[in-house]
Amino acid sequence: MNITRRSFLAAGAAMPLLGLTRPSLADEGTLRQVATDRKLIYGTAVSTGTLAKDKPFAQLVIDQANMLVAEGETKRKAIEPKQGRLNFAPTERLLAFAEKNGQRMRGHTLLWHEANPDWLLAKLEEGRDDKLLTDYIEKTVGHFKGRMHSWDVINEVIHIDEGGEEDLRISSPWYKAFGSGYIETAFQVAHAADPDALLFYNEINLEADVWWAEQRRTSVLKLLEKLLKKGIPVHALGIQSHLKAYRLDYTDEVMSRFLDEVSDLGLKILITEFDIADVEGPADPAQRDADIAALGRRYLDVAFSKPAVLGCLTWGISDRYSWLSSYDSYKWSDGSLSRGLPFDGDLRPKKLYFEMLNSYRSAS
Ligand code: XIL
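Residue numbers (my numbering): -7 to 356.
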């Protein structure tokens, strides 16, 4: 309690005291408390660098999150920059931070078409060598056995524009080297290395009410069905949830139906990378904050009405460190911070934070 109050006061130090119009964090509770009380996950992506250099930020992460995931340090490029020399140190540091603070951690991501070291891309182009796929998964999952809540085994494997079988991303170096079978192998090897870890298929761009997202949802469901029919140990779908408030339509019904279809397969669901891009929104930041909070509330209310949904991780927690401010397609051209996360650049809670609390409170 003390910690929560102290860090709230620190975070709010820049706010004129008399200008406080919202209830304080100390009164409202934290996402960590509210989520944990309901046996739900609330977590955030972090990096060792920001946790080490920014103490108020680190305290916010401790106060608010019951789960952490590395934004980049558990990707293959970071762990195996040179072939065969696995560097688990950054992930270990994060895990030590999480364990010290009573938080769980998830691993992101064993396989992706991005964030691969150059040596690996070159070897994959030379052709099929199963060890390039299996050794890494065996060693990495094995190294953290019993300490990771879950692993994103595969990430972003559907790409409908490429015209490949089952809408798979055929431009992926993994697909090119191994064909679609790499997906099954990856889950089997990961499961053997840590039978207790929840194994995820994590996917992007599944949320919008637009034709191409509908096609993506259909392809994801078909892939999951196929894997399950074959007895492949896939346990959950990670829905990244990088929403775009002013670019893509969203309707509750569409999301609700998709969540039901996934849970009907017997799978768990986690919102894994929630944030809401505000680019192209109105010039007034207060208006954008209100729009984003309303959209976030609707989105999470639908998610938390489903028993299969385990919770939500945001991709960062404060606008101070958000990929939305640097990624070309989301950033503001005038350099202003994107406002897609629950806390602003001064670590003050925004409307989205309070609406997220409300959504967690309404969880069934
Ligand atoms: C992003 C990170 O946030 C960036 O810092 C990095 O440069 C690129 O990757 N989907 C994912 C995440 O699965 O790993 C991505 O993270 C965001 C989109």
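We put the CB at the ideal spot given by N, CA and C, even for glycine.
Beta-carbon proximity of residue i to residue j, cut-off 7 Å
i, j, result
"V149", "R139", "no"
"V145", "L112", "no"
"S356", "S297", "yes"
"A228", "L198", "no"
"K343", "D336", "no"
"R290", "D244", "yes"
"A184", "R120", "no"
"R340", "V26", "no"
"T36", "I261", "no"
"S351", "L292", "yes"
"T306", "F266", "yes"
"V294", "S325", "no"
"T132", "V181", "no"
"L349", "E20", "yes"
"D179", "V246", "The sequence given here has Phe at residue 179, not Asp. Contact flag unset, no."
"E65", "P82", "yes"
"L240", "V202", "yes"
Supposed close pair residue i, residue j - CB separation, criterion 8 Å
i, j, result
"I54", "C304", "Going by Cβ atoms, the distance from I54 to C304 rounds to 18 Å, so no, they are not a contact pair."
"P109", "K47", "P109 to K47, Cβ: 32 Å. No contact."
"L219", "E176", "7 Å"
"A62", "L86", "6 Å"
"F49", "R312", "7 Å"
"N58", "W104", "In fact, because the Cβ distance is near 25 Å, the residues do not count as touching under 8 Å."
"E154", "S163", "6 Å"
"L257", "L216", "6 Å"
"Q95", "I152", "Actually they do not touch by this definition, with Cβ atoms about 36 Å apart."
"N194", "G171", "About 21 Å; that fails the 8 Å criterion."
Residue i, buried or exposed, once every other Cβ within 10 Å from all chains shown has been counted against 16
i, result
"G99", "buried"
"N79", "exposed"
"T13", "Confidence in T13 is poor, its pLDDT being 49 and thus under 50, which makes the residue's placement unreliable; the coordinate value appears in the next sentence. Its Cβ having fewer than 16 others within 10 Å, T13 is exposed."
"A200", "buried"
"G11", "Note that G11 scores a pLDDT of 40, beneath 50, so its modelled location is shaky; the value from the coordinates is reported in the next line. Exposed, by the Cβ-count rule."
"K67", "buried"
"D29", "exposed"
"S317", "buried"
"W166", "buried"
"G223", "exposed"
"S314", "buried"
"Y128", "buried"
"Y319", "exposed"
"M(-7)", "In this prediction, M(-7) has a pLDDT of 34, which is less than 50 and means its spatial position is unreliable; what the coordinates show is noted afterwards. So M(-7) ends up on the exposed side."
"Q279", "exposed"
"G134", "exposed"
"A275", "exposed"
"D122", "exposed"
Run of the beta strand (DSSP E) containing residue i, from where it starts to where it stops
i, result
"K343", "That residue, K343, is in no beta strand (DSSP E); its alpha helix (DSSP H) goes K343 to S354."
"D29", "First-last for D29: L23 to D29, but that is the alpha helix (DSSP H), not the beta strand (DSSP E)."
"M140", "Taken as a continuous stretch (DSSP letters only), M140 belongs to no beta strand (DSSP E), as it is neither H nor E."
"T264", "K260 to A269"
"G99", "R96 to L103"
"V53", "Taken as a continuous stretch (DSSP letters only), V53 belongs to no beta strand (DSSP E), being part of the alpha helix (DSSP H) at K47 to Q56."
"T306", "V301 to T306"
"V38", "I33 to V38"
"A228", "A228 to I231"
"E195", "L190 to E195"
"L235", "H234 to K236"
"V212", "Segment W203 to K221 is the alpha helix (DSSP H) holding V212; no beta strand (DSSP E) there."
"A62", "M59 to A62"
Alpha helix (DSSP H) segment containing residue i, residue limits
i, result
"D283", "P277 to F296"
"S321", "Looking at the DSSP string, S321 is not in any alpha helix (DSSP H), and its letter there is neither H nor E."
"W111", "D110 to E118"
"F170", "P165 to F170"
"E91", "A81 to K92"
"T177", "G173 to A185"
Cβ-heavy atom distance, residue i to ligand 3, below 6 Å
i, result
"W315", "With respect to small molecules bound, the structure shown includes ligand 1 and not ligand 3."
### Query
Is there contact between the segment 188 to 196 and the segment 235 to 242, where contact requires at least three CB pairs shorter than 8 Å?
no
#### Entry: the segment 270 to 284 contacting the segment 322 to 341, beta-carbon criterion three pairs below 8 Å
yes
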